[in-house]
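S.K.: As numbered in the numbering used here, residues 479 to 583 make up the sequence shown, in order. Where is the CB? At the ideal position from N, CA and C, for every residue including glycine.
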Amino acid sequence: MREGQEQSHQYYIYSWNVGKPYGLVRIHVAECGYCNDGRGKVYGPIKARGDWQGPFNFESASRLAKSLAVLDTRPCQRCMAQWLADQEKVAGAAHTSSPETDRAD
Ligand SMILES: [Zn+2]
Numbered sequence: 479m480r481e482g483q484e485q486s487h488q489y490y491i492y493s494w495n496v497g498k499p500y501g502l503v504r505i506h507v508a509e510c511g512y513c514n515d516g517r518g519k520v521y522g523p524i525k526a527r528g529d530w531q532g533p534f535n536f537e538s539a540s541r542l543a544k545s546l547a548v549l550d551t552r553p554c555q556r557c558m559a560q561w562l563a564d565q566e567k568v569a570g571a572a573h574t575s576s577p578e579t580d581r582a583d
């Protein structure tokens, strides 16, 4: 994957049993094997049970995912692994330094 290509990605939201305690929501990149441009996994006898929505840009996808208010909401571990790693780095940095009080001494 090349750096700086995130903006050109399209994202899809997979939701299953929204409104139920065991519902889940996943954010996928369109090219993800689980997503297939919102068609879901194309092999196997079981058609995906959930709903696909998209494509969106990442901001819209995140907003929609949050709006569904499902506890188990996260980016796909497979196609968003790099994004998740970046988030952890950002979160880690936020714990060790605060931008407002950053000093060069
Ligand atoms: Zn995925």
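When the Cα atoms are used, what is the spatial distance from residue 435 to residue 494?
M.R.: A query on residue 435 cannot be resolved here, the shown segment of the chain reaching from 479 to 583 and no further.
S.K.: Are there 16 or more other CB atoms within 10 angstroms of the CB of residue 523, so buried, or fewer, so exposed?
M.R.: Translated into positions along the sequence shown, residue 523 becomes position 45. Here residue 523 scores only 49 on pLDDT, less than 50, and its place in the model should not be relied on; the value that follows carries that caveat. Looking at its Cβ environment, which holds fewer than 16 other Cβ atoms inside 10 Å, residue 523 is exposed.
S.K.: For ligand 1, is there a heavy atom less than 7 Å away from the beta-carbon of residue 500?
M.R.: Start at 1 with the first residue of the sequence shown, and residue 500 comes out as number 22. Not under cutoff, so the answer is no.
S.K.: Note down, in chain order, each residue of its chain lying with its Cβ closer than 8 Å to the Cβ of residue 555, except the 5 sequence neighbours on either side.
M.R.: Taking the sequence shown and counting its residues from 1, one reaches residue 555 at position 77. So the list reads 562, once near-sequence residues are dropped.
S.K.: Should residue 571 go down as buried or exposed, given a rule of 16 or more other Cβ atoms within 10 Å for buried?
M.R.: Taking the sequence shown and counting its residues from 1, one reaches residue 571 at position 93. The residue is exposed, with fewer than 16 neighbouring Cβ atoms inside 10 Å.
S.K.: Cβ-heavy atom distance between residue 584 and ligand 1 below 7 Å?
M.R.: There is simply no residue 584 to check, as the chain begins at 479 and stops at 583 in what is shown.
S.K.: Any beta carbon from chain C within less than 8 Å of residue 537's own beta carbon?
M.R.: Given the protein chain composition of this structure (a single chain), no chain C is represented.
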